[in-house]
Amino acid sequence: MRTYKLLSTTGDQTIELTSGGSIIVGRAVTSDLPVYDPTVSRQHAELSLDDTGVHVADRGSANGTFLNGAQISEASAVDGDIVTFGRVAFKVVEVTPVEATPAVPESMDFAPPPPDATIVKQVVVPDSGGFEAQPEDGPSAVQVQYEGETAEEFQARKLRMLLDISQALSRQKDVDKLLEKVVDITFQVMSVDRVSVLMVEGQELVPRISRNRLGDSGSGRHVPQSIARQVVEQRLAILTDNAAADERFAGKSIVVQSVRSAMCAPLLGGGQGAVDQGKVIGLIYVDSQTSLDAFGDEDLEFLIAFSGIAAVAIENSQLIDQIQREAVVLSNFQRYFAPNLAEQIATQEEEVRLGGTKRPVVVFFSDIRGFTSMSEKMGPDDIASLLNEYFTEMVEIVFDNGGTLDKFMGDAIMALWGAPIASEDDADRAMKAAIEMQSILAQLNVKWAAQGRQRVEIGIGIDYYEVFAGNIGSDRRLEYTVIGDAVNTASRLCSKAGPGEIIISQRFYDELKNQPAVDPEEALELKGKEQKVPVYRVKR
15 MRTYKLLSTT
25 GDQTIELTSG
35 GSIIVGRAVT
45 SDLPVYDPTV
55 SRQHAELSLD
65 DTGVHVADRG
75 SANGTFLNGA
85 QISEASAVDG
95 DIVTFGRVAF
105 KVVEVTPVEA
115 TPAVPESMDF
125 APPPPDATIV
135 KQVVVPDSGG
145 FEAQPEDGPS
155 AVQVQYEGET
165 AEEFQARKLR
175 MLLDISQALS
185 RQKDVDKLLE
195 KVVDITFQVM
205 SVDRVSVLMV
215 EGQELVPRIS
225 RNRLGDSGSG
235 RHVPQSIARQ
245 VVEQRLAILT
255 DNAAADERFA
265 GKSIVVQSVR
275 SAMCAPLLGG
285 GQGAVDQGKV
295 IGLIYVDSQT
305 SLDAFGDEDL
315 EFLIAFSGIA
325 AVAIENSQLI
335 DQIQREAVVL
345 SNFQRYFAPN
355 LAEQIATQEE
365 EVRLGGTKRP
375 VVVFFSDIRG
385 FTSMSEKMGP
395 DDIASLLNEY
405 FTEMVEIVFD
415 NGGTLDKFMG
425 DAIMALWGAP
435 IASEDDADRA
445 MKAAIEMQSI
455 LAQLNVKWAA
465 QGRQRVEIGI
475 GIDYYEVFAG
485 NIGSDRRLEY
495 TVIGDAVNTA
505 SRLCSKAGPG
515 EIIISQRFYD
525 ELKNQPAVDP
535 EEALELKGKE
545 QKVPVYRVKR
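Each residue of the sequence shown is one higher than the last, beginning at 15 in this note's numbering.
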């Protein structure tokens, strides 16, 4: 049987055909004759020898196989014929078995390579290494094996590319900019038409960024739900050579979106523990609208590795965002909440409804008795020094008992329990704080008396009821506070309390789990209240 060789008309590829087998021509790196051109399918055609010459059989390629310019599905080529795969042409050359090196026809102006050489299409690499710059349309960078490059060198180069990608992504701290970078890199290293990144938010898969090769953005709606659902639910990376005919993903969206070939890989998070380890936080989807068999095993392996790097970078960016958010929350709230409560607020975003909610809250007021006359006898510096020392001690008591400092109003303190985060024993904590305030103030008066300073006495009023709690104010200044009947009642109870007294409402008393000894007082008529308010004076 005769021996034949196929010589590319550009002079950079050749392959010898022998009896007893067939070879596959295609864009896949594992093909017997790898042809790296976007018009060539992954498994484009099959070649074998027959009694006539070279038997050429098209394998359902997207752009067709041609013999001397005529499209064929199956035909035999002889010496001198031109076989074209997509747009890449080869000349069929007959040789004798005894020839060590085939004679080169005079019509061909190139010399064939040695028989033992590794022959692949030569690809020019940009100065930037083909990473930062957008490459011209062509085969995937991850598939291109350079002339003379061994398989080991090819794998090492891919690993270096992944390292470069990892370093590039690690420099992005903003999540949105990071996702933009992920899409940019995907286009730079893979021959794809569209890229989308979807993130898991709650129970939903939400498109975050979507773009085609022309730079047009989209909503991510072109991502077939049948593919996305399987990737998320089964944590699988998927490659489909012919999406429309793939029984795994039978769905109208694939046809409507003109998906021919597609790949999708999950973004697996590291998690904060064994339960969260390997949790799907999103996915990367790529597809081709122009050809079947657009992706091969090498592409899928690379996408899996890339998605792993991207997932780590995204989680790190999300963590940085969370830390920054917590820092902002802490800076805004640490002046008003106990340190442990401020930290809890910062780490439990969903529980803090900054827009405002209705909730039952303990409202606490304390006020210095006789402060106006006291201040008339003291200089401004002495007043400021006294109030600073007094407020420091009182606020620490509020914080130590898990309360929230609402505001200072002159010499008065307004504090809350149950907002923005509630506890089962809020009423008991508030009661304990009130008793401690009176006790600590007695100790302070002893110290101040020894220093020749003014004695201070306070009255305290406490109520418990449903109020509106949230941020109140303007765009320039917001203040977390509460509004409602309990605020007015607690303030008026405070005004009724004498020096050293604590007056509480019936509804606050009923909320206490550890009720202190009290003396029932005559129900008070309070401004704005149609009925008298039952109250108690706490015994000391």
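Glycine included, every Cβ here is placed at the ideal spot set by N, Cα and C.
Taking only the alpha-carbon atoms, compute the straight-line gap between residue i and residue j and give it to the nearest angstrom.
i	j	result
A117	V203	With a pLDDT of only 36 at A117, under the threshold of 50, the placement of this residue in the model should not be trusted, and no figure is reported.
Q457	Y404	11 Å
C278	T406	59 Å
Q468	M408	17 Å
A327	I298	14 Å
S505	Q248	59 Å
Q77	V189	First, the residue type needs correcting, since residue 77 is Asn and not Gln in the sequence shown. Each residue's Cα considered, the two are about 40 Å apart.
K105	R185	50 Å
F413	A441	14 Å
N226	V377	57 Å
G100	G310	18 Å
E329	Q239	24 Å
V214	G296	5 Å
Q11	G94	Not covered by the structure: residue 11. The range shown for the chain is 15 to 554.
T32	T17	6 Å
L21	L63	16 Å
L401	K391	15 Å
T386	I337	45 Å
V246	Y494	40 Å
D230	S210	12 Å
I435	I252	45 Å
I29	L61	11 Å
L47	Q244	34 Å
E630	Q452	The shown model of the chain, from 15 to 554, leaves out residue 630, and the question about it has no answer.
In the DSSP assignment, find the unbroken alpha helix (DSSP H) run with residue i in it and report its ends.
i	result
F522	Q520 to E525
E194	V189 to V203
E30	That residue, E30, is in no alpha helix (DSSP H); its beta strand (DSSP E) goes T28 to L31.
S240	Q239 to Q248
Please list, in chain order, all residues of the same chain as residue i whose beta carbon is under 8 Å from its beta carbon, the five residues on each side excluded.
i	result
K266	For K266, the pLDDT reaches just 49, beneath the cut-off of 50, and the residue's location in the model is therefore unreliable, although a value from the coordinates is still provided. Excluding residues within five positions, none has a Cβ falling inside 8 Å.
R383	E471, I472, G473, G512 and P513
Q85	G78 and T79
S90	D64, T66, G67, V68, H69 and V70
Give a yes or no on whether 8 Å exceeds the smallest Cβ distance from residue i to chain B.
i	result
G473	Among the chains in the structure shown there is no chain B, since it carries only a single protein chain.
Please list the terminal residues of the continuous beta strand (DSSP E) segment that includes residue i.
i	result
D381	T371 to I382
R208	R208 to E215
D499	Unbroken run through D499 is the alpha helix (DSSP H), D499 to K510; no beta strand (DSSP E).
D533	V532 to L538
V109	V102 to V109
K19	T17 to S22
A279	S275 to L282
A253	First, the amino acid is wrong: residue 253 is Leu here, not Ala. From DSSP, the beta strand (DSSP E) with L253 extends over I252 to T254.
R551	V547 to V552
V92	Looking at the DSSP string, V92 is not in any beta strand (DSSP E), and its letter there is neither H nor E.
L228	Neither: L228 is in no beta strand (DSSP E) and is coded neither H nor E.
Excluding the 5 residues preceding and the 5 following residue i in the sequence, name in chain order all residues of the same chain whose CB lies nearer than 6 Å to its CB.
i	result
R443	N415, G416 and W431
I516	A448, I474 and V552
D477	V377, A500, T503, A504, S519 and F522
A13	The requested residue 13 does not occur in the structure, where the chain is confined to residues 15 to 554.
T53	N77, G100 and R101
E539	K546
S321	A279, L281 and I298
V197	V209, I223 and R225
K527	D442
Keeping to the same chain, check which residues put their C-beta closer than 7 Å to that of residue i; ignore five residues upstream and five downstream.
i	result
S87	D72
V92	T66, G67 and V106
D207	N226, R227, D301, S302, Q303 and T304
L192	L183, Q186, A327, I328 and S331
G498	Y479, E480, V481 and F482
K446	N415
Practice item. Output the residue ranges of the beta strand (DSSP E) runs that lie fully inside the segment 387–462 and measure 3 residues or longer, sorted by chain position. Key: 418–423 and 426–431
Practice item. Taking only runs that begin and end inside the segment 288–318, name each unbroken alpha helix (DSSP H) of 4 or more residues, in chain order. Key: none
Check your understanding: In chain order, which beta strand (DSSP E) runs of at least 3 residues are fully inside the segment 35–87?
Key -> 36–40, 59–63, 68–72, 79–81 and 84–86
Exercise for review: Please determine if the segment 67–82 and the segment 210–230 are in contact, where contact requires at least 3 C-beta pairs separated by less than 8 Å.
Suggested key: no
Check your understanding: Three or more beta-carbon pairs under 8 Å between the segment 540–550 and the segment 418–425, yes or no?
Key -> no
Check your understanding: Any chance the segment 375–393 sits against the segment 508–522, with 3 or more Cβ pairs inside 8 Å?
Key -> yes
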